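Engineer:
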Ligand code: RTP
Ligand code: MG
C-alpha cells in the first residue's frame with residue numbers, strides 16, 4: 005500500500021506570518037491532495053497528547069506554550085508516500101540550517117534562540133499519522 009495519509013500542521017508562527025497559503029501551495033504543487041483542512045485554537049491537553057513522545061524533554065513545556073500562542077492550520081494530506089514526501093518538503097527540524105528549497109529552509113530561521121518556530125509539522129510514520137489524525141480530526 006503506497007497511498008498514505010499524513011497530518012500536516014502550519015504552526016502559529018507560519019499562520020501569524022501569513023505563510024499558510026505558501027505551505028498549502030507547495031503541498032498541492034507536489035501533487036498531494038488536501039483531504040481535510042481546519043483552523044484550530046488547540047487546547048493544552050490536545051497538544052500534550054500530540055507531543056506525547058517529547059514529554060519529559062526540556063523543550064516540551066515551551067513547545068506546547070508556543071503551539072498555543074496563536075491559531076494552527078491542521079490538514080490531512082493524501083498521496084503515494086506522502087509521509088516521507090512531506091517531511092522532505094518541510095526540511096530538517098532546525099530552520100536556520102534546513103536546506104534551501106524546503107519550507108523550513110526557505111521560510112524559517114531561529115527566533116529568540118530556539119528552533120521551535122519551524123513553521124510546519126508532518127507525521128513521521130504511518131502509526132504517528134493515524135494517531136495524530138485521530139487527535140486533530142477524530
Ligand atoms: P515535527 O514533529 O514538528 O514535524 O518536527 P520534527 O519531527 O522535525 O521535530 P521533533 O524532533 O519531532 O520535535 C518536535 C518539535 O519540537 C520543537 N523542538 N524544539 N531542542 C529544541 O528546542 C527543540 N527540538 C525540537 C520543534 O518545533 C520541532 O518541530
Ligand atoms: Mg516530529
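Residue numbers (this note's numbering): 5 to 142. In this text, a Cβ means the ideal position worked out from N, Cα and C, and glycines have one as well. Remember, predicted model here, so these are calculated numbers, not experimental data.
At 4 residues or longer, and completely inside the segment 80-125: list those alpha helix (DSSP H) runs for me, N to C.
Structural biologist: Segments of the alpha helix (DSSP H) lying fully in the segment 80-125: 86-94 and 107-111.
Engineer: Residues bridged to residue 51 by DSSP?
Structural biologist: Reading the chain shown from its first residue, position 47 is the one you call residue 51. Residue 51 is not bridged to any residue.
Engineer: For residue 91, which residues from the same chain have a beta carbon less than 8 Å from its beta carbon, with the 5 sequence-adjacent residues on both sides left out?
Structural biologist: As a position in the chain shown, residue 91 is number 87, starting the count at 1. Same-chain partners within the cutoff: 126 and 128.
Engineer: Quick check on DSSP: helix, strand or coil for residue 20?
Structural biologist: For the purposes of this step, residue 20 is taken as the residue at position 16 of the chain shown. Three-state result, residue 20: helix.
Engineer: Mark residue 78 as exposed unless 16 or more other C-beta atoms lie within 10 angstroms of its C-beta, in which case mark it buried.
Structural biologist: Indexing the chain shown from 1 puts residue 78 at position 74. Residue 78 comes out buried.
Engineer: Identify, in the order they occur along the chain, each residue of the same chain with its Cβ nearer than 6 Å to the Cβ of residue 51, setting aside the five sequence neighbours on each side.
Structural biologist: As a working mapping, residue 51 is identified with position 47 in the chain shown. 68 and 71.
Engineer: What is the DSSP secondary structure of residue 30, reduced to helix, strand or coil?
Structural biologist: On the chain shown, position 26 is the one that residue 30 refers to. Note: residue 30 maps to helix in three-state DSSP.
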